[in-house]
Amino acid sequence: MNGFTSIATRQQLIIVGNGMVGHHCVEQLIERAALGRFEVRVFGEERQRAYDRVHLSEYFTGSDAEALALGEADLYAGHGIHLHLGEPVLEIDRERCEVVTAAGRYPYDQLVLATGSYPFVPPIEGSHGAARLVYRTLDDLDAIRAAASGARRGVVVGGGLLGLEAANALKSLGLQAHVVEFAPRLMPVQLDAEGGAALRAQIEALGVGVHLARATQSIVAGETYRYRMNFDGGEFLETDLIVFSAGIRPQDALGRSSGLEVAPRGGVVIDSGCRSSDPRIFAIGECASWNGSVFGLVAPGYSMARNVAAALAGEDAGSFTGADMSTKLKLLGVDVGSIGDAHGATPGARSYRFIDEAASAYRRLVVDASGKRVIGAVLVGDNSYYDTLLQYVQNGIALPADPAALILPQSAGAPALGADALPASATICSCHNVSKGAICAAIDSGCGELAQLKQQTKACTGCGGCAALLKQVFEHELIARGVSVDKSLCEHFAYTRQELYALVRVEGIVSFDEMLARHGRGHVGCDICKPTVGSILASCWNQPIMEPSLVPLQDTNDTFMANMQKNGTYSVVPRIPGGEITPEKLIVIGEVAKKYDLYTKITGGQRIDLFGAQLHELPQIWAELIAAGFETGHAYGKSTRTVKSCVGSTWCRYGVQDSVGMALTLEDRYKGLRSPHKLKFAVSGCTRECAEAQSKDIGVIATEKGWNLYICGNGGMRPRHAELFATDLDDAGLIRIIDRVLMFYIRTADKLQRTSVWRESLEGGLDYLKQVILDDSLGLGAELEAQMQLVVDRYECEWANALKDPDKLKRFRTFVNDQRPDPGVHFVRERGQRRPIAAGELHLIPTTEEVL
Numbered sequence: 001m002n003g004f005t006s007i008a009t010r011q012q013l014i015i016v017g018n019g020m021v022g023h024h025c026v027e028q029l030i031e032r033a034a035l036g037r038f039e040v041r042v043f044g045e046e047r048q049r050a051y052d053r054v055h056l057s058e059y060f061t062g063s064d065a066e067a068l069a070l071g072e073a074d075l076y077a078g079h080g081i082h083l084h085l086g087e088p089v090l091e092i093d094r095e096r097c098e099v100v101t102a103a104g105r106y107p108y109d110q111l112v113l114a115t116g117s118y119p120f121v122p123p124i125e126g127s128h129g130a131a132r133l134v135y136r137t138l139d140d141l142d143a144i145r146a147a148a149s150g151a152r153r154g155v156v157v158g159g160g161l162l163g164l165e166a167a168n169a170l171k172s173l174g175l176q177a178h179v180v181e182f183a184p185r186l187m188p189v190q191l192d193a194e195g196g197a198a199l200r201a202q203i204e205a206l207g208v209g210v211h212l213a214r215a216t217q218s219i220v221a222g223e224t225y226r227y228r229m230n231f232d233g234g235e236f237l238e239t240d241l242i243v244f245s246a247g248i249r250p251q252d253a254l255g256r257s258s259g260l261e262v263a264p265r266g267g268v269v270i271d272s273g274c275r276s277s278d279p280r281i282f283a284i285g286e287c288a289s290w291n292g293s294v295f296g297l298v299a300p301g302y303s304m305a306r307n308v309a310a311a312l313a314g315e316d317a318g319s320f321t322g323a324d325m326s327t328k329l330k331l332l333g334v335d336v337g338s339i340g341d342a343h344g345a346t347p348g349a350r351s352y353r354f355i356d357e358a359a360s361a362y363r364r365l366v367v368d369a370s371g372k373r374v375i376g377a378v379l380v381g382d383n384s385y386y387d388t389l390l391q392y393v394q395n396g397i398a399l400p401a402d403p404a405a406l407i408l409p410q411s412a413g414a415p416a417l418g419a420d421a422l423p424a425s426a427t428i429c430s431c432h433n434v435s436k437g438a439i440c441a442a443i444d445s446g447c448g449e450l451a452q453l454k455q456q457t458k459a460c461t462g463c464g465g466c467a468a469l470l471k472q473v474f475e476h477e478l479i480a481r482g483v484s485v486d487k488s489l490c491e492h493f494a495y496t497r498q499e500l501y502a503l504v505r506v507e508g509i510v511s512f513d514e515m516l517a518r519h520g521r522g523h524v525g526c527d528i529c530k531p532t533v534g535s536i537l538a539s540c541w542n543q544p545i546m547e548p549s550l551v552p553l554q555d556t557n558d559t560f561m562a563n564m565q566k567n568g569t570y571s572v573v574p575r576i577p578g579g580e581i582t583p584e585k586l587i588v589i590g591e592v593a594k595k596y597d598l599y600t601k602i603t604g605g606q607r608i609d610l611f612g613a614q615l616h617e618l619p620q621i622w623a624e625l626i627a628a629g630f631e632t633g634h635a636y637g638k639s640t641r642t643v644k645s646c647v648g649s650t651w652c653r654y655g656v657q658d659s660v661g662m663a664l665t666l667e668d669r670y671k672g673l674r675s676p677h678k679l680k681f682a683v684s685g686c687t688r689e690c691a692e693a694q695s696k697d698i699g700v701i702a703t704e705k706g707w708n709l710y711i712c713g714n715g716g717m718r719p720r721h722a723e724l725f726a727t728d729l730d731d732a733g734l735i736r737i738i739d740r741v742l743m744f745y746i747r748t749a750d751k752l753q754r755t756s757v758w759r760e761s762l763e764g765g766l767d768y769l770k771q772v773i774l775d776d777s778l779g780l781g782a783e784l785e786a787q788m789q790l791v792v793d794r795y796e797c798e799w800a801n802a803l804k805d806p807d808k809l810k811r812f813r814t815f816v817n818d819q820r821p822d823p824g825v826h827f828v829r830e831r832g833q834r835r836p837i838a839a840g841e842l843h844l845i846p847t848t849e850e851v852l
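Per the UniProt record's numbering, the sequence shown runs over residues 1 to 852.
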């Protein structure tokens, strides 16, 4: 002890590492009132205090270092903890019980290593200097941002979790992103072959190139881009920057150099109490190896931190016995889930699989040999099944008679596992080991708000993957106790979407900033409330979405008023009301498509899509189309898309009404309407139903007495037939009822809720809706009609508006300071038209004849 503890009543405790796990250990020591026993010093290699590495990618989308920081700035000083930032520990002198830094030597009685891990960079010739970027710290992200300045393409080496996060970061910086993976599939640790294939399809559809089973042999100077990556087999890929995210290695150098036992594959060896081979030294998180395993998730690290803090506080610490490595992620916007034995490696395990190739969705359920217990699962494309399956695995809940029902589309009657079915021991938050029983206890002690519950139990303050389940359990338990439930949209607004809509209407709110100032919390909003409020403002006031105050609320498609395609180009969709078009306008579309060499296709909604327009070409193309009398088709918005029609009585011998004329009337009336989700209409001239009106949100079918109205149908991933709502309507009556239905939907639907789902969620069902709309039971009829008329009267073609304003047109540039097109976009000829080179295709530098 070298006399250090004899000069004070408190022992010297040093924690090396101020990452998420080291910080959690400090929090646990504070919570357990253990600081009276120790004088604590924490050493961090980085200049920033502990920050949330799980949400690191948000640094590229507006969050600063302070927003990602864990805990308040004065947390350490307020509890007498000495925080040494930017002062790495260079050596552990175990003989003298001291740690050595560049600033001096510090004694310890107990030492906790929480040094985490470092990125593995494969030994590739040329992977040094400017070509060597990694994705691990805020400083790393600053380096990537600097390297991206002036760059066009970026490549990530590594197709695991962090690699895909890095690819998303490159996309957010405006680069064409590619992923190179040595394994034959993405996320090989978490996903099986089918899951990897589904993930690849979804990521390629987002415009990210995926190159699998590729071993990079060398990195040399490129010809078209800055670097050329040469692959085994002679193929290559050129890029302007390379980010290595090929896995992590335990940061065990301190333990290794001081003579602590280190596992063969790295990591300071620890026992079930997280003690190293030196009983004075603990190791937690990714620098530690337990039973030959290193755990690369935050939840196991937190579990280790709790055990060590309990031991230091003199409490019963229990034992660390490994960790559940189940993960729920959203990578580049794609849901990915992996639970338990996802690969079915357990002897006798059997699997059920659901594959939807059209939607690139995949689900696998793994059960044990007895067929009575779920032991694993894989999800790609839809994580709504995750919480239920995780509880089946963790709590041994008995399987339903048909286990496959657990992963079948939910409309097929999959059994729901409600919060009441979970035992008190069920783990809700794996990061902080919070059970359902702990949540119930917190509620019983007076915790009545979700934010308060998170603060009190720490649930959902780690990776955040348990948010949906936590909210479900919390609300269920409140209702069970007779307490009304908070339905807040997000942390910034303590209102539902429906309540926000009412506030906008009643108070005449016209901007997000005004809404936030009057009824919100915070200063900037989030990805939930900003687009929701943006949609509400558009539905109410129909102002051009390119107005400066509204642009930040829009997604990519709305921002550029065009649908982004997989290769970074855009599609142009002029409105063709009812599918009716004059020869002159048809010629104009052909001339524009020929002039800009656009791929041309007639859609199922009786319009013509023009694909392959680059960003800087959009204003030129729309100027020509608008000059010919076209308007924007709103194909990019949550708004009215099309009104499909047959030829009706004008030409068809079976037609009993002018379906084309009615389609034109409806499309002209509702063409500027923004709503919670997209809207599609159809008008059929007779009951032969050639326009397929009964699969649309609004469907109209002619009768000899007028029009029959069908509502709330749709196709897509969850098809639903529309329901007959009213019969034999005249023209004015039909429009009046549609006005009311659509405005009532906009007023009462949840965010991103299709009319079909909205209709199914209405208490009282179709009969209730008929009472409100047809019988005007709430006295809202005139008000709903007036609100619709305001939207109709304020319609203005959004592209025509933008073309009048030079400031708005500045957004349509591939490069801010350069008028050149994107040199990274290439096409090939196929069936007489050009198509994009698939994001995942490798090719040698092509000749002029091969690529256009």
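Just so you know, even glycine gets a beta-carbon here, dropped at the ideal spot from N, CA and C.
Being a predicted model, the structure only gives us computed values, none of them experimental.
- By the C-beta density criterion, V483 is exposed, having fewer than 16 other C-beta atoms within 10 angstroms.
- G344 and I608 have their C-alpha atoms spaced approximately 47 Å apart.
- The secondary-structure analysis by DSSP pairs V89 across a beta bridge with T101.
- Listed as beta-bridge partners of E723 by DSSP are I711.
- Fewer than three pairs of CB atoms, one per stretch, sit closer than 8 Å, so the region 534-543 makes no contact with the region 584-598.
- By the beta-carbon neighbour count (other beta carbons within 10 angstroms, threshold 16), T216 is buried.
- Linking P544 to I14 through their CA atoms gives a straight-line distance of about 58 Å.
- Rounded to whole angstroms, the Cβ separation of C274 and A114 is 10 Å, and the two are not in contact under 8 Å.
- Excluding its 5 nearest sequence neighbours in each direction, V393 has C-beta neighbours in its own chain below 6 Å: I339, G340, V374, listed in chain order.
- A straight-line Cα-Cα distance of about 5 Å links L553 and K530.
- Annotated as proximal: L450 and F474, with beta-carbon spacing under 8 Å.
- Here V334 is not near M187, since their CB atoms are 8 Å or more apart.
- When beta bridges are read from the DSSP output, A613 appears opposite Y570.
- Where D335 is concerned, the enclosing beta strand (DSSP E) starts and stops at 334-340.
- About 29 Å separates the Cβ atoms of G637 and A702, ruling out a contact at the 8 Å cut-off.
- Looking only at I144, P122, A146, D192, the smallest Cα-Cα distance to V180 is reached by P122.
- Secondary structure of H519 (DSSP, three-state): helix.
- Per the coordinates, the alpha-carbon of G685 lies some 27 Å from the alpha-carbon of S675.
- Beta-bridge partners assigned by DSSP to Q110: L13.
- For the set T327, R688, L729, the Cα lying nearest the Cα of N708 is the one of L729.
- Pairing C460 with L598, the inter-Cα distance amounts to about 47 Å.
- For L332 and G207, the gap between their C-alpha atoms comes out near 10 Å.
- Spanning the alpha carbons of L453 and C440 requires a straight line of approximately 10 Å.
- Taking E46 as the centre and dropping the five residues before and after it, the same chain places the C-beta of N18, L85, G86, T137, L138, D139 closer than 8 Å to its C-beta, in chain order.
- Between R105 and E95, the C-beta gap is not smaller than 8 Å, which leaves the two residues out of contact.
- Check the Cα spacing between D316 and each of R32, L610, V683, R280: the tightest is with R32.
- Remark: C-beta atoms of A151 and A167 do not approach each other more closely than 8 Å.
- Within the same chain, Cβ atoms closer than 7 Å to the Cβ of I528 are found at L489, C490, the five residues on either side in sequence being excluded.
- In terms of Cβ geometry, G605 and T650 do not form a close pair [threshold 8 Å].
- Non-local beta-carbon contacts of E165 in its own chain, meaning distances under 6 Å to residues more than five positions away in sequence, involve S57 in chain order.
- Assignment of C526 by DSSP, reduced to helix, strand and coil, places it in the coil class.
- No Cβ-Cβ contact shorter than 8 Å links V157 with I248.
- Excluding the 5 residues flanking it on each side, P619 has same chain C-beta neighbours closer than 7 Å at L803, L809, F812, in chain order.
- Only residues of its own chain outside the window of five on either side were considered, and among them R249, P250, D252, S289, V294 have a CB closer than 8 Å to the CB of G266, listed in chain order.
- In this structure the region 565-583 lies against the region 625-634, because at least three pairs of beta carbons, one per stretch, are closer than 8 Å.
- Annotation for L161: M187, Q190, T327, L329, L331 place their beta carbon closer than 8 Å to its own, counting only its chain and skipping 5 residues before and after.
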